[in-house]
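See structure below.
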Amino acid sequence: MSNRLGETLEAILKEDERLVSQDGELLKNRVQELVGADDQVLLEALFNNAETKAQFFVELKKTSIFEKDKFLQFITAKEWLPDSYTSYKNKIGLTYAGGTFVGDTGEVILDWAFKDCILEGGMKEDEASRSEVFYNQTLAPDEVNRLLESKAFLNAKRIGVDGEAPLKSFNFNEKGGISDNLIIRGNNLLGLSSIRDVFARKVKLIYIDPPYNIGGANGTSADFAYNDRFNHSTWLTFMKNRVEIARKLLAEDGVMVIQCDDNELFHLKVLLDEVFKKSPKGKSNFVQMVEVRANEGAANEYQNPFMPKNCEYLLIYAKNYDAKKYKPVWIESHIDSAYSKILLNPQEKDFHKWEVGTVKEEYLKTAIVTKCDNPSCDTLSSDQYRQFVIDNAYRIFRGIAPKGVGKGLSDAMAESKKTGGWAIYRREDNDDIYTYKGEMVRFYSKNLKVDQNGKTTITRELGSLWTDIPWTGIANEGGVKFKNGKKPEALLRRVIEMNSEPGDLVLDYHLGSGTTAAVAHKMGRQYIGIEQLNYGENDATQRLKNVIAGDKTGASKSVGWAGGGDFVYLELAERNPKLLAQIEKATSTKQLLSSWDEISSSPFVSHKIDLMKLKDSRDEFEQLSVEDAKSALLEMLDKNAIYINISELEDKTNGLKASDIALNKAFYGLN
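Encoded structure:
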């Protein structure tokens with residue numbers, strides 16, 4: 276083993292920011308992943324150095340061939356990685372003969388369940404910047420198939436106006452589908468795979484607010500425990516695995532809305548373009564990008580040394596663009612001064628004789644104008660003037676010069692321009708269009724809307740820039756406190772209203788504080804929420820209890836919410852949840868020794884482990900850092916043995932009760 280070669284190799288690898296932790300340490304597991312994936316950037320770096328080229332490449336007919344096995348043997352050698360996690364993996368048998376890791380040259384790389392939402396050592400704010408513990412796992416295709424098999428559910432209960440009680444049965448609609456609202460506790464990748472077949476092509480709207488991959492303690496909410504420090508490629512893998520399953524859940528006219536900031540916006544769009552592909556007619560299934568004013572700038576000055584960041588984005592994709600139905604949204608607006616003309620004799624039946632004046636002059640002639648000291652004041656911003664506009668909107672208009680119009684409208688515009696008066700374009704299947712002096716006429720009455728209380732207001736059609744939703748004062752919405760992680764109920768109300776109808780199914784598999792489920796409940800939509808973490812008194816389940824009790828905050832007033840309804844709570848069935856919890860909570864390797872003892876004698880040890888070698892490695896395990904010890908323990912487990920697959924439902928060794936088995940059969944339609 277050449278010390279010089281090792282030093283040269285380490286220097287080359289540390290030039291790649293993907294391979295270096297925040298504290299400057301080389302991420303050796305990541306090196307192995309990239310080599311296994313034949314990463315071009317890494318291979319070029321090794322090829323371009325004379326020393327590593329001579330060591331790890333051979334020439335064959337003027338072609339350079341990378342000796343992958345030789346390279347992997349080198350970087351996993353104990354001489355180069357003394358006392359490391361990788362060295363311990365070698366010790367307990369997670370290698371082929373010669374030192375190559377099982378799976379490093381496998382066909383499928385998948386983010387394992389524990390990657391989702393766990394911060395090393397706990398969930399505290401001061402721990403948010405610590406290095407990741409749970410690494411990607413490289414799995415063979417058959418292992419992935421088992422991993423994504425539907426899981427059993429436990430601890431099912433119905434929660435409603437009368438409190439909560441063990442679930443006796445699900446409710447079903449006339450088509451035989453489950454009609455209950457569902458909150459699923461567990462890893463969202465496995466949760467999605469568990470509902471994939473039951474709710475395939477039934478979800479009208481998916482909204483998610485995933486971790487933004489913003490990095491660092493400043494970027495991680497004190498309330499949310501998401502591990503929001505994924506490197507770029509890992510984050511995209513994390514998203515892709517889930518979006519691919521989620522898309523299968525969408526109805527043919529369904530829509531997915533993903534909220535993000537600018538850290539991964541453009542990479543995410545490229546990924547979504549790939550996953551959603553094109554419609555049957557060849558159109559992109561990308562619908563719209565909406566920019567949302569998220570916070571007042573002063574609140575976010577610490578995030579950016581330049582302009583404060585005060586906006587986020589909604590990427591909207593259709594399952595099938597051809598089937599997507601557009602629902603325009605109208606919001607209350609100020610008076611548009613471009614509507615400055617008014618018909619003076621609208622009662623005249625012959626439109627050619629219509630006379631035109633200005634709105635201002637007509638208002639000042641007919642209204643009792645309040646006097647004011649300012650000579651320029653004509654009360655055009657008063658409530659009195661606003662009411663005048665509403666009352667006369669049918670005769671107030673503006674001229675528009677549209678582009679690319681058809682022949683009928685073009686001829687009418689040309690005629691009115693020639694005469695200096697009025698012309699009309701008559702349409703059989705739609706409203707007639709008037710033209711005046713060469714322009715298309717739009718009457719202000721099209722901007723008036725009547726709300727559910729019968730009040731008429733001046734509105735405008737909502738575009739792709741949303742600046743009207745307040746983010747301040749939402750900390751206590753729903754009776755739960757997530758100071759930095761919540762989204763306004765007003766935002767979710769708009770998204771749900773635009774993309775669904777009452778009774779439609781809405782899904783959020785990054786449920787967090789429960790905003791999506793809470794608003795969907797208030798708006799009469801069926802919903803499914805998936806969340807791994809339990810936030811105690813600020814959990815989504817508590818929020819929904821408040822909603823059922825008649826919560827008055829957030830969107831309640833605007834939708835007329837008075838309380839009621841219920842939801843079903845389910846948990847993914849883990850074989851040994853206490854074991855995983857104690858691994859997560861441990862703060863020292865010594866505390867993990869009991870977990871090591873339990874795993875080493877467990878029937879669920881990974882098939883990659885040499886049990887004889889494992890029994891002799893306890894002392895070496897004790898020398899690992901707590902981070903490496905946790906990773907070693909999780910890798911020792913058979914990942915497909917952590918949760919109970921539905922195919923194993925009646926296996927008596929799982930200890931499921933007869934009532935649990937019956938409910939699972941009902942859920943999956945196995946009766």
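The working numbering puts the first residue of the sequence shown at 276, with every later residue one more than the last. Where a beta carbon is used, it is the ideal one built from N, C-alpha and C, also for glycine.
Does the separation of the CB atoms of residue 710 and residue 676 fall below 7 Å? It is not a contact, given that the beta carbons lie outside the stated cut-off.
Cα-Cα separation between residue 447 and residue 745, rounded to whole angstroms: Those two C-alpha atoms are separated by around 38 Å.
Can you name the start and end residues of the alpha helix (DSSP H) that residue 823 belongs to? For residue 823, the enclosing alpha helix (DSSP H) stretches over residues 815-823.
From 740, 618, 784 and 787, residue whose alpha carbon lies closest to that of residue 718: Residue 618 is the option with its Cα nearest to residue 718.
Using the Cα positions of residue 487 and residue 869, report the straight-line distance between them to the nearest angstrom. When the Cα atoms are used, residue 487 and residue 869 turn out to be separated by approximately 36 Å.
By alpha-carbon positions, which one of 754, 912, 931 and 669 ends up nearest to residue 873? Closest option to residue 873, Cα to Cα, is 912.
Tell me which same chain residues have a C-beta within less than 7 Å of the C-beta of residue 854, skipping the five on either side of it? These residues qualify, in order along the chain: 870 and 873.
Between residue 336 and residue 919, what straight-line distance do the alpha-carbon atoms span, to the nearest angstrom? In this structure, the alpha-carbon of residue 336 lies about 53 Å from that of residue 919.
Taking Cβ to Cβ, would you say residue 943 is nearer than 7 Å to residue 463? No. Outside cutoff.
So, helix, strand or coil for residue 868, using DSSP? Residue state, collapsed to three classes: helix.
Integer Cβ distance of residue 947 from residue 829, believed to fall under 8 Å: The requested residue 947 is not part of the displayed model; the chain covers only 276 to 946.
Using 8 Å as the cut-off, can you tell me whether the stretch 543-562 makes contact with the stretch 593-603, which would need three or more C-beta pairs spanning the two stretches below that distance? Taking 8 Å as the limit for Cβ pairs, the verdict is that the stretch 593-603 does touch the stretch 543-562.
Where residue 798 falls: helix, strand or coil (DSSP): Three-state result, residue 798: coil.
Which runs of the alpha helix (DSSP H) spanning at least 4 residues fall entirely within the stretch 655-728, listed in chain order? The qualifying runs are 658-666 and 682-694.
Candidates 850, 893 and 899, of which the one nearest residue 879 by Cα: The shortest C-alpha separation from residue 879 is found at 850.
Do you know how far the Cα of residue 921 is from the Cα of residue 427? The straight-line gap from Cα to Cα measures roughly 5 Å.
Residue 481 and residue 514 - do their beta-carbons sit closer together than 7 Å? Going by C-beta atoms, residue 514 is not nearer than 7 Å to residue 481.
Judging by CA-CA distance, which residue of 846, 339, 934 and 908 is the nearest neighbour of residue 429? When the alpha-carbon of residue 429 is set against those of 846, 339, 934 and 908, the nearest one is in 846.
Please state the DSSP three-state secondary structure of residue 513. The three-state secondary structure of residue 513, taken from DSSP, is helix.
CA-CA distance, residue 941 and residue 452? If I take the Cα positions, the gap works out to 11 Å.
Residue 487 CB to nearest heavy atom of the ligand ADP below 6 Å: The ligand ADP is not part of this structure, which contains no ligands at all.
Given this structure, state the Cα-to-Cα distance separating residue 363 from residue 895, to the nearest angstrom. A direct Cα-to-Cα measurement between residue 363 and residue 895 gives close to 7 Å.
Spatial distance of residue 963 from residue 867 (CA atoms): Any answer about residue 963 is impossible in this case: the structure gives the chain only from 276 up to 946.
Residue 478 versus residue 439 - alpha carbon distance: C-alpha separation (whole angstroms): 26 Å.
Helix, strand or coil, according to DSSP, for residue 473 in the structure here? Three-state DSSP puts residue 473 in coil, outside helix and strand.
Give the DSSP-derived three-state secondary structure of residue 907 in the structure shown. For residue 907, the secondary structure class from DSSP, reduced to helix, strand or coil, is helix.
Please state if the CB of residue 340 and the CB of residue 842 are separated by a distance shorter than 7 Å. It is not a contact, given that the beta carbons lie outside the stated cut-off.
Rounded to the nearest angstrom, what separates residue 893 and residue 771 at their Cα positions? A straight-line Cα-Cα distance of about 54 Å links residue 893 and residue 771.
CB residue 522 to CB residue 742, shorter than 7 Å? It is not a contact, given that the beta carbons lie outside the stated cut-off.
Does the separation of the CB atoms of residue 734 and residue 751 fall below 7 Å? If you check the CB distance, residue 734 and residue 751 do not come in under 7 Å.
Per DSSP, the bridge partner or partners of residue 736: Answer is 605.
Taking 6 Å as the limit between beta carbons, can you name the residues of its chain near residue 671, skipping five residues before and five after? Excluding five sequence positions before and after residue 671, the CB atoms of its chain that fall closer than 6 Å to its own CB belong to 614, 617, 634 and 719, given in chain order.
What first and last residue would you give for the alpha helix (DSSP H) that runs through residue 641? Annotation for residue 641: the continuous alpha helix (DSSP H) segment containing it runs 634-641.
Which of helix, strand or coil does DSSP assign to residue 581? DSSP places residue 581 in the coil class of the three-state scheme, outside both helix and strand.
Sequence-distant residues of its chain with Cβ nearer than 7 Å to residue 908 (five each side left out): Contacts found: 858, 867, 870, 871 and 874.
Which partner residues does residue 849 have in the DSSP bridge list? Per DSSP, 918.
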